[in-house]
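So the structure is just underneath, and the comments pick up after that.
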Amino acid sequence: MSKKNFDRIMEGMNEAIAFARGEDAPGVRVHIPAEIDVKAIRGRLGMTQAEFAERHGFSVGAVRDWEQGRRMPDASTRAFLKVIAAEPKMVERVLERA
38 MSKKNFDRIM EGMNEAIAFA RGEDAPGVRV HIPAEIDVKA IRGRLGMTQA EFAERHGFSV
98 GAVRDWEQGR RMPDASTRAF LKVIAAEPKM VERVLERA
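Read in order, the letters of the sequence shown correspond to residues 38 to 135 in this note's numbering.
Take a look at the structure:
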């Protein structure tokens with residue numbers, strides 16, 4: 038991936054996160070789901086809770102709580118989870134470079 042494409046993707050992700058936090062992000066319209074099935078996302082990736090947490094920067098306890106319905110991820114985390122679900126390889130590449 039070229040640096041230009043990487044920078045465009047990161048800009049879009051940062052705008053989406055800003056929007057999810059309620060910050061002004063002109064021209065950005067995203068749908069953040071009210072609920073998200075973390076276990077299904079993790080299952081499609083074939084990862085344990087520990088692997089999923091480590092790869093994406095979550096605590097194992099948070100992943101467990103989300104999957105068992107004890108807690109709900111906040112809006113910015115749900116946006117990130119939606120990106121993970123849609124483009125897991127891209128997220129992996131971006132996080133490896135960080």
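Glycine residues also receive a C-beta, built at the ideal position from the N, C-alpha and C atoms.
Per-residue burial, residue i [other beta carbons within 10 Å of its own, 16 or more giving buried]
| i | result |
| --- | --- |
| L132 | exposed |
| R130 | exposed |
Where residue i falls: helix, strand or coil (DSSP)
| i | result |
| --- | --- |
| M47 | helix |
| P125 | helix |
| E104 | helix |
| I54 | helix |
| T85 | coil |
Cβ-based neighbour list, residue i, same chain, cut-off 7 Å, excluding 5 preceding and 5 following
| i | result |
| --- | --- |
| S113 | I54, A57, R58 |
| A77 | none |
CB-CB length for residue i against residue j, believed under 8 Å
| i | j | result |
| --- | --- | --- |
| V75 | A90 | Their Cβ separation, rounded to whole angstroms, is 10 Å, which puts V75 and A90 out of contact at 8 Å. |
Residues near residue i in its chain [Cβ-Cβ closer than 8 Å; skip 5 each side]
| i | result |
| --- | --- |
| H93 | F117, I121, V128, L132 |
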